[in-house]
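Q: Residue numbers (the numbering used here): 1 to 447.
Glycine included, each C-beta is placed from N, C-alpha and C at the ideal position.
I have a structure here, written as structure tokens, and I will follow up with some questions on it.
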Amino acid sequence: MTFQLFASIFLSIALLLFLVLRLRLNAFLALLVASIGFGLSAGLPLAEIISNITSGMGNTLGFVATIVGLGAILGAVLEHSGGSQALAQFLLSKLGEKRASLAFVLTGFLVAIPVFFDVAFVLLVPLVYALGRRTGRSLLAFAIPLLAGLATTHAFIPPTPGPIAVADILKAELGWVIMLGFVVGIPTVSVAGLWWGKRVANRYMLEPPALEQKEDEQTELPPIRLILTLILLPILLILANTLTDMLVKAEIWQQSLLTDAALFVGHPYVALLLSCLLALYYLGTKRGLDSQQLQKLATKALAPAGAIILITGAGGVYKQMLVQSGAGAALAEVFLQFQLLPPLLAFLLAALIRILQGSATVAMITAAGLLAPALPALGLTAPQTALLVLSIAAGASTLSHVNDSGFWLVKEYLLMDESTTLRTWSMMTVLLSLTALVMVMLLYPLV
């Protein structure tokens, strides 16, 4: 029976890769087909396969859809208002051109919290061009730190969609994911952004494109205090929720109206909703946008979020099939028998799927779906489960190459050929993932 289950897991992953790579099937459809294929090969009754689709999709989307939707609207409002540019210009003015690489790392690290990776890069790359012209340095001196900051936050720090989805599938506490995401992320951007950016900038001289329009022609940017408040408010509230919950459970604080209020306001639903409403008012209504324009902005923001939500739901279906088939218990026995460290296996699994088919989202969702059923038997602590989320995110971030849309985005905007992109951007993603893995493995025994 165990052999049949493991064979079914292998076949379902092979089917998923075949559908995505060979047939170019949409990831949502491919995950659903692979889930049904696993259920059939594992011998699940047909009626149970259907019920697993309903329960797996519903249980996952109940949390993820709300968070990703709110985050998308918040990001769209910040994008429309020029908040990303305001943050970058503020940090550049404070740190100066000599520390411009650090300014771009910090900008990417903060901007990617509410704004999607590719959107944030497109918004901020004109500043990279401008600084390249002004200093005469290679674009890589500024672009690699920016990309490292964006990629690190996008992978490791909620409320970005990837860690939100994986945290929900693994039932990890968001507060721990955020806290440990910062602990893992800071050395990661230092190596992949600052160190690697300096190294490749000295090796490859990339010139900015010809200037087509005046760079100072722009609308009035919003105040930096408002931008920082809107970005950091939900994170601080979620962290307060986790801290309050820990102190109440440890009986250091007694449960009261104040602790209940902190738990309520710090729930990701309420924290993100509050920041979203503040953004709509201060960056929308107060800056001259009427209700129809705001509604159009929100609707447009939900289009890319919808694809992520559906893929995540299909990943929940895959997990549900594994749970109901007994594959989760079988995987847990393998963990315990061979004393495999879950973060290392999670990293390798996510990295393999990422390298083969290119999509970080599919890699994260698939790896999380495979590992989630085994977790109850492993007895992991809340911080260890959060580190498992980060190890999956690290694996899914590695070796962006020609089958990844991000590879071509970076190539085109930095005017590189394929070979140079592989040696700069692709190697940066490898350094990013390996540094994050090392940090996770160092922290795992300590928590």
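Around the Cβ of Tyr129, are there at least 16 other Cβ atoms within 10 angstroms (buried) or fewer (exposed)?
A: Within the sequence shown, the letter at position 129 stands for residue 129. Looking at its Cβ environment, which holds 16 or more other Cβ atoms inside 10 Å, Tyr129 is buried.
Q: Give me, in chain order, the residues of the same chain whose beta-carbon lies closer than 8 Å to that of Pro222; leave out the 5 immediate sequence neighbours on both sides.
A: Here residue 222 is taken as the residue at index 222 of the sequence shown, counted from 1. Answer for Pro222: Ser81, Gly82, Gly83, Ala86, Tyr282, Leu283, Arg287, listed in chain order.
Q: So Ala423 is in the alpha helix (DSSP H); what residue range does that whole segment cover?
A: Working through the sequence shown from its first residue, we reach residue 423 at position 423. Just to set this straight, residue 423 is Arg in the shown sequence, not Ala. Looking at the DSSP string, Arg423 is not in any alpha helix (DSSP H), and its letter there is neither H nor E.
Q: Mind checking which residues open and close the alpha helix (DSSP H) that includes Gln254?
A: Here the question's residue 254 lines up with position 254 in the sequence shown. Counting along the chain, Gln254 falls outside any alpha helix (DSSP H), and DSSP gives it neither H nor E.
Q: Inspect the beta-carbon positions of Pro445 and Leu388 and report whether they are closer than 8 Å.
A: Residue numbering aside, residue 445 sits at position 445 when the sequence shown is read from its first letter. Residue numbering aside, residue 388 sits at position 388 when the sequence shown is read from its first letter. No, Cβ-Cβ distance for Pro445 and Leu388 is not below 8 Å.
Q: So, at 6 Å on beta carbons, what are the nonlocal neighbours of Leu21 in its own chain, with the 5 sequence-adjacent residues on each side left out?
A: Counting from one through the sequence shown, the residue named residue 21 turns up at place 21. Here the set comprises Gln357.
Q: I'd like the span of the alpha helix (DSSP H) that includes Thr398, first residue to last.
A: Taking the first residue of the sequence shown as 1, we reach residue 398 at position 398. No alpha helix (DSSP H) contains Thr398, which DSSP labels as neither H nor E.
Q: DSSP state of Glu215, grouped into three classes?
A: In the sequence shown, residue 215 corresponds to position 215, counting from 1. Any reading at Glu215 is ruled out, since the residue's pLDDT is 49, under 50, leaving its predicted position unreliable.
Q: Grab me the residues of Glu217's own chain with a C-beta within less than 7 Å of its C-beta, minus the 5 sequence neighbours each way, in chain order.
A: Position 217 of the sequence shown, counted from the start, is the residue given in the question as residue 217. Note that Glu217 scores a pLDDT of 49, beneath 50, so its modelled location is shaky; the value from the coordinates is reported in the next line. There are no such residues.
Q: For Met57, is the classification buried or exposed, using 16 other Cβ atoms within 10 angstroms of its Cβ as the cut-off for buried?
A: On the sequence shown, position 57 is the one that residue 57 refers to. So Met57 ends up on the buried side.
Q: Just mark Glu79 as buried or exposed, buried being the case when its beta carbon has 16 or more other beta carbons within 10 Å.
A: For this step, residue 79 is matched to residue 79 along the sequence shown. So Glu79 counts as buried.
Q: Between Ala393 and the rest of its own chain, which residues show a CB-CB distance below 7 Å, the 5 nearest in sequence each way excluded?
A: Here residue 393 refers to the residue found at position 393 of the sequence shown. The answer, listed in chain order, is Ala155, Phe156, Gly162, Pro163, Val166, Met364.
Q: Distance check for Arg133 and Glu215, CA to CA, integer angstroms please.
A: For the purposes of this step, residue 215 is identified with residue 215 of the sequence shown, where counting begins at 1. For the purposes of this step, residue 133 is identified with residue 133 of the sequence shown, where counting begins at 1. With a pLDDT of 49 at Glu215, under the threshold of 50, the predicted position of this residue should be treated as unreliable, though the coordinate-derived value follows. Whole-angstrom Cα-Cα distance: 11 Å.
Q: Please give the ranges of any alpha helix (DSSP H) in the stretch 219-300, keeping only runs that are unbroken, at least 4 residues long and fully inside the region.
A: Taking only runs of at least 4 residues, the alpha helix (DSSP H) segments lying wholly in the stretch 219-300 are 224-249, 257-265, 268-279.
Q: Taking the continuous alpha helix (DSSP H) assigned at Met57, which residues delimit it?
A: Numbered from its first residue, the sequence shown carries residue 57 at position 57. Element bounds for Met57: 46-81.
Q: Using the beta-carbon count (16 or more within 10 Å), is Gln320 buried or exposed?
A: In the sequence shown, counting from the first residue as 1, residue 320 sits at position 320. That one is buried.
Q: Please report how far the alpha carbon of Leu390 lies from the alpha carbon of Thr429, in whole angstroms.
A: The sequence position of residue 390 within the sequence shown is 390, counting from 1. The sequence position of residue 429 within the sequence shown is 429, counting from 1. Taking the straight line joining both Cα atoms gives about 15 Å.
Q: DSSP on Arg137, reduced to helix/strand/coil?
A: Your numbering for residue 137 matches position 137 in the sequence shown. Three-state result, Arg137: coil.
Q: Return the CA-CA distance between Leu31 and Ala14, expressed in angstroms with no decimal places.
A: Residue mapping note: residue 31 aligns to position 31 of the sequence shown, counting from 1. Residue mapping note: residue 14 aligns to position 14 of the sequence shown, counting from 1. The straight-line gap from Cα to Cα measures roughly 11 Å.
Q: From which residue to which residue does the alpha helix (DSSP H) around Thr2 run?
A: Looking up residue 2 in the sequence shown gives position 2. Looking at the DSSP string, the run of the alpha helix (DSSP H) that includes Thr2 is 2-17.
Q: Take Pro114 as the anchor and find which of Gly75, Phe18, Thr152, Leu92 has the nearest alpha-carbon.
A: Translated into positions along the sequence shown, residue 114 becomes position 114. Of the listed residues, the one whose Cα sits closest to Pro114 is Gly75.
Q: With a CB to CB cut of under 6 Å and the five nearest residues on each side skipped, what residues in its chain are close to Ser41?
A: Sequence index remark: in the sequence shown, residue 41 carries index 41 (1-based). The beta carbon of Ser41 lies closer than 6 Å to those of Ser8, Leu11 in the same chain, with the five residues before and after it left out.
Q: Quick check on DSSP: helix, strand or coil for Asn26?
A: Here residue 26 corresponds to residue number 26 of the sequence shown, with the count starting at 1. DSSP places Asn26 in coil when its eight states are reduced to three.
Q: According to DSSP, is Ile309 part of a helix, a strand, or is it coil?
A: The sequence position of residue 309 within the sequence shown is 309, counting from 1. The answer is helix: DSSP assigns Ile309 an H, G or I state.
Q: State the start and end residues of the unbroken alpha helix (DSSP H) segment that holds Trp408.
A: Mapped onto the sequence shown, residue 408 falls at position 408. That run of the alpha helix (DSSP H) goes 405-413.
Q: Can you say whether Gly197 is buried or exposed, counting buried as having 16 or more other CB atoms within 10 angstroms of its CB?
A: Residue mapping note: residue 197 aligns to position 197 of the sequence shown, counting from 1. The residue is buried, with at least 16 neighbouring Cβ atoms inside 10 Å.
Q: According to the Cβ coordinates, are Pro151 and Leu349 closer than 8 Å?
A: As a first step, residue 151 must be located in the sequence shown, where it is residue number 151. As a first step, residue 349 must be located in the sequence shown, where it is residue number 349. Residue 151 is actually Ala in this sequence, not Pro. It is not a contact, given that the beta carbons lie outside the stated cut-off.
Q: What's the call for Thr398, buried or exposed, on a 16-neighbour Cβ count within 10 Å?
A: Position 398 of the sequence shown holds residue 398. Buried.
Q: Kindly list the residues whose CB is nearer than 8 Å to the CB of Ser359, restricted to its own chain and excluding five residues on each side of it in sequence; keep chain order.
A: As a working mapping, residue 359 is identified with position 359 in the sequence shown. Excluding residues within five positions, the ones whose Cβ falls inside 8 Å are Val20, Ala27, Asp404.
Q: For Leu243, collect the residues of the same chain with a Cβ closer than 8 Å to its Cβ; drop the 5 residues on either side in sequence, then sort them by chain order.
A: If you number the sequence shown from 1, residue 243 lands on position 243. So the qualifying residues of the chain are Gly175.
Q: Let's see if you can read the secondary structure: which residues bound the alpha helix (DSSP H) around Asp168?
A: Along the sequence shown, one-based indexing puts residue 168 at 168. Note, Asp168: alpha helix (DSSP H), 161-170.
Q: Which stretch, first to last residue, makes up the alpha helix (DSSP H) that contains Met364?
A: Reading the sequence shown from its first residue, position 364 is the one you call residue 364. 360-371 is the extent of the alpha helix (DSSP H) around Met364.
Q: CA-CA distance, Val440 and Leu434?
A: Within the sequence shown, numbered from 1, the residue matching residue 440 stands at position 440. Within the sequence shown, numbered from 1, the residue matching residue 434 stands at position 434. When rounded, the distance between both Cα atoms is 10 Å.
Q: Report, in whole angstroms, the separation of the C-beta atoms of Ala368 and Ile49, which I expect to be a contact under 8 Å.
A: As a first step, residue 368 must be located in the sequence shown, where it is residue number 368. As a first step, residue 49 must be located in the sequence shown, where it is residue number 49. Not quite, the Cβ-Cβ distance comes to about 20 Å (not below 8 Å), so this is no contact.
Q: Alpha helix (DSSP H) containing Thr107: first to last residue?
A: On the sequence shown, position 107 is the one that residue 107 refers to. First-last of the alpha helix (DSSP H) with Thr107: 100-111.
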